[in-house]
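Engineer: Take the sequence shown: its position 305, counted from the start at 1, is 317 in the numbering used here, and no numbers get skipped. Glycine included, C-beta positions come from ideal geometry on N, C-alpha and C.
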Amino acid sequence: MENKLNISSSPHIRSKITSGNIMLMVTVALLPASAFGVYNFGMSALLMLIVTTAAAVLTEYVYEKLMHKKITINDFSAVVTGLLLGLNMPPTAPLWMGALGSVFAILIVKQLFGGLGQNFMNPALGARCFLLISFTSQMTTFIYDGETGPTPLAYIKEGSMESINSMNMLLGRIPGTIGETSVIAIVIGAMFLILLGIIDLRIPGTYILTFVAFIGIFGPMANENIGFFDPHYITAQLCGGGLMLGAWFMATDYVTSPITKKGQILFGVLLGVLTGLFRLFGGSAEGVSYAIIISNLLVPLIEKVTLPKPFGKGGEK
Numbered sequence: 013m014e015n016k017l018n019i020s021s022s023p024h025i026r027s028k029i030t031s032g033n034i035m036l037m038v039t040v041a042l043l044p045a046s047a048f049g050v051y052n053f054g055m056s057a058l059l060m061l062i063v064t065t066a067a068a069v070l071t072e073y074v075y076e077k078l079m080h081k082k083i084t085i086n087d088f089s090a091v092v093t094g095l096l097l098g099l100n101m102p103p104t105a106p107l108w109m110g111a112l113g114s115v116f117a118i119l120i121v122k123q124l125f126g127g128l129g130q131n132f133m134n135p136a137l138g139a140r141c142f143l144l145i146s147f148t149s150q151m152t153t154f155i156y157d158g159e160t161g162p163t164p165l166a167y168i169k170e171g172s173m174e175s176i177n178s179m180n181m182l183l184g185r186i187p188g189t190i191g192e193t194s195v196i197a198i199v200i201g202a203m204f205l206i207l208l209g210i211i212d213l214r215i216p217g218t219y220i221l222t223f224v225a226f227i228g229i230f231g232p233m234a235n236e237n238i239g240f241f242d243p244h245y246i247t248a249q250l251c252g253g254g255l256m257l258g259a260w261f262m263a264t265d266y267v268t269s270p271i272t273k274k275g276q277i278l279f280g281v282l283l284g285v286l287t288g289l290f291r292l293f294g295g296s297a298e299g300v301s302y303a304i305i306i307s308n309l310l311v312p313l314i315e316k317v318t319l320p321k322p323f324g325k326g327g328e329k
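(1) Rounded to the nearest angstrom, how far is the Cβ of P103 from that of M60, given a contact under 8 Å?
(2) Does the segment 77-91 come into contact with the segment 161-172, if we say contact requires no fewer than three beta-carbon pairs (one atom in each stretch) closer than 8 Å?
(3) Please determine, among F142, V92, I85, P162, the residue with the shortest C-alpha to C-alpha distance to G113.
(4) What are the start and end residues of the alpha helix (DSSP H) that includes F223?
(5) Provide the residue(s) that pair with T160 in DSSP beta bridges, ordered along the chain.
(6) Please work out which residues of its chain come closer than 7 Å, Cβ to Cβ, to F293, disregarding the five sequence neighbours upstream and downstream, and give them in chain order.
(7) Measuring alpha carbon to alpha carbon, tell me which of V267, V300, K321, K316 ends up nearest T31.
(8) May I have the straight-line CA-CA distance separating L283 from T71, to the nearest angstrom?
(9) Looking only at its chain, what residues have a beta carbon closer than 8 Å to the beta carbon of P320, apart from the 5 residues adjacent to it on each side?
(10) F132 by DSSP, collapsed to three states: which one?
(11) Determine the burial state of K316: buried for a count of at least 16 other Cβ atoms within 10 Å of its Cβ, exposed for fewer.
(12) Taking all protein chains shown into account, do 16 or more other C-beta atoms lie within 10 angstroms of the C-beta of T218, making it buried, or fewer, making it exposed?
(13) Compare the Cα-Cα distances from L137 to each of G295, M203, L96 and report the closest residue.
(14) Which residues in the same chain as I227 place their Cβ atom closer than 8 Å to its Cβ, once the five residues preceding and following it in sequence are excluded?
(15) Got a sec? Which residues, its chain only, sit under 7 Å from I238 by beta carbon, not counting five neighbours each side?
(16) Might you give, ordered along the chain, the residues of its own chain that have their beta carbon closer than 7 Å to the beta carbon of C251, omitting 5 neighbours on each side?
(17) With a Cβ-Cβ cutoff of 8 Å, do L205 and V38 count as a contact?
(18) CB-CB under 6 Å to A68, same chain, minus the five flanking residues each way: which ones, in chain order?
(19) What's the gap between the Cα of I190 and the Cα of P322?
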């Protein structure tokens, strides 16, 4: 027995990449959308992003200090949560509302369920839905170029496709939340994460393809003026609202998405179907936030049915 084997507990494969590294890269990837939001909406957008991010970090620090827990604000998870919430806020919303949302995201959704890795839904989206329910008027009022008006998705919901300019939607010259308007800025950040290997195409790709298939087939049922797989209609739906921001930056959250490959595909299909249902047949023009949160809640079930069976288990007898 000259060659002795050392037996150790898992994990057997380790990486130098830490949660802090990943969250820092996500923060960097969100900068193009943040910068365009500030360019598009001005100082009010910048202040909102600063307030939501600072409130998230401060809430995490104070809670952990009071509970005599290890201070974890240097892992950048609170920064990502606050920044994502800010990007999901209307630029005209009061700053105190953004701060309240950050406190809810960190304290209620994240810390009270055990901290990073234990939250059952995306904290930023949980806070956004909390604010939407509590302050519907302020969260759904959008001003662009000094004029208050509906978003392109609202026009689509009403069947007014002639009012839609797809190029303006692609470039971000439309009303909306701070971070959702420019598809180009969002995709630049997403490509950065893909090249670094932080995320892959499995969830966002399946999400977007399923959504396109759903609205392409069922869109004419909601709007008699469009045909099956109408390119203009599909482009407007993809560029409007929070679909791209949600697909690339929130649906891919490690904690609240499945760990199995088959589960991630099923997760993406569920997201696409739910978003299509909410947008076409729901009372609101948007539906990304609720689709992601509902899918987050179903992740344990998705993992249960897609978890690979150990070798030699579960076969035919």
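Structural biologist: Judging by the given coordinates:
(1) The residue given as residue 103 occupies position 91 in the sequence shown. The residue given as residue 60 occupies position 48 in the sequence shown. The distance from the Cβ of P103 to that of M60 is about 6 Å, consistent with a contact at the 8 Å cut-off.
(2) Not touching, per the Cβ criterion.
(3) Translated into positions along the sequence shown, residue 113 becomes position 101. Ranking F142, V92, I85, P162 by Cα distance to G113 puts F142 first.
(4) Working through the sequence shown from its first residue, we reach residue 223 at position 211. Run containing F223: 214-234, per the alpha helix (DSSP H) assignment.
(5) Position 148 of the sequence shown, counting from 1, holds the residue named residue 160. Looking at the DSSP output, T160 sits in a beta bridge with I155.
(6) Looking up residue 293 in the sequence shown gives position 281. The answer, listed in chain order, is A234.
(7) As a working mapping, residue 31 is identified with position 19 in the sequence shown. The amino acid at residue 31 is misidentified as Thr; the sequence shows Ser. Nearest to S31 by alpha-carbon distance, out of V267, V300, K321, K316, is V267.
(8) Position 271 of the sequence shown, counted from the first residue, corresponds to residue 283. Position 59 of the sequence shown, counted from the first residue, corresponds to residue 71. Cα to Cα, L283 sits roughly 30 Å from T71.
(9) For this step, residue 320 is matched to residue 308 along the sequence shown. Only T272 meet the Cβ criterion.
(10) The residue given as residue 132 occupies position 120 in the sequence shown. Note: F132 maps to coil in three-state DSSP.
(11) Within the sequence shown, the letter at position 304 stands for residue 316. Within a 10 Å sphere around the beta-carbon of K316 sit fewer than 16 other beta-carbons, which makes this residue exposed.
(12) Along the sequence shown, one-based indexing puts residue 218 at 206. T218 counts as buried, since at least 16 other C-beta atoms from the protein chains shown sit within 10 angstroms of its C-beta.
(13) Numbered from 1 along the sequence shown, position 125 holds the residue referred to as residue 137. Proximity to L137 across G295, M203, L96 peaks at L96, based on C-alpha coordinates.
(14) Residue numbering aside, residue 227 sits at position 215 when the sequence shown is read from its first letter. Closer than 8 Å at the Cβ level, and outside the excluded window around I227, lie Y245, I246, Q249, G288, R291, L292.
(15) Here residue 238 is taken as the residue at index 226 of the sequence shown, counted from 1. Cβ neighbours of I238 beyond the five flanking positions: M173, G231, P232, Y245.
(16) Your numbering for residue 251 matches position 239 in the sequence shown. So the list reads S178, M181, L182, V195, once near-sequence residues are dropped.
(17) To locate residue 205, count along the sequence shown from 1; it is residue 193. To locate residue 38, count along the sequence shown from 1; it is residue 26. Closer than 8 Å, so yes.
(18) The residue you call residue 68 lines up with position 56 of the sequence shown. Close CB contacts of A68 within its chain, under the 6 Å cut and outside five residues either way in sequence, are with A90, T93, G94, S114, I118 (chain order).
(19) The count along the sequence shown starts at 1 and reaches residue 190 at position 178. The count along the sequence shown starts at 1 and reaches residue 322 at position 310. Answer to the nearest angstrom: the Cα atoms are 46 Å apart.
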